[in-house]
Amino acid sequence: MPQPTPEQIQEAGRQLQRGGFLGRGSKKKADQVIEEAVAAGMDRQAVAMAILGAAADHEPRRWAR
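196 is the number of the first residue of the sequence shown in our numbering; add one for each residue after it.
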C-alpha cells in the first residue's frame, strides 16, 4: 500500500480538529490514514503525531457575521 500523502494527513488533522468541544469532528479519517500508513510500513505513533500536529496547526474559519 502507498504511504499517506501530506495532504491526507492535513485533511485528517482538520477533521479531527473540527471535533473540538462539541464533538462534531470525525476521527474516522484519522483512523483510516493511520491504518493505511501502518499497512505501508510506517510507524503508527509517528503518523498519529503528524495528524495531531496538523490538527493543532489548523485554523478554523471564523463565523460569518
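We treat Cβ as the ideally placed atom computed from N, Cα and C, and that holds for glycine.
What you are looking at is a predicted structure, and each value in this text was computed from that prediction instead of being measured.
DSSP three-state assignment for residue i, whether helix, strand or coil
| i | result |
| --- | --- |
| K222 | coil |
| M238 | Sequence inspection shows Asp at residue 238; the Met mentioned does not correspond to that position. Note: D238 maps to coil in three-state DSSP. |
| M244 | helix |
| Q227 | helix |
Extent of the continuous alpha helix (DSSP H) to which residue i belongs
| i | result |
| --- | --- |
| Q203 | 201-212 |
Assigned exposure category for residue i - 16 Cβ within 10 Å defines buried
| i | result |
| --- | --- |
| D252 | exposed |
| A225 | buried |
| P197 | exposed |
Neighbourhood of residue i by C-beta distance below 6 Å, restricted to the same chain and skipping five residues each side
| i | result |
| --- | --- |
| A250 | G208, L211, Q212 |
| A245 | I204 |
| E202 | none |
Same chain only: Cβ atoms within 8 Å of residue i, ignoring 5 sequence neighbours per side
| i | result |
| --- | --- |
| R239 | I229, A232, V233 |
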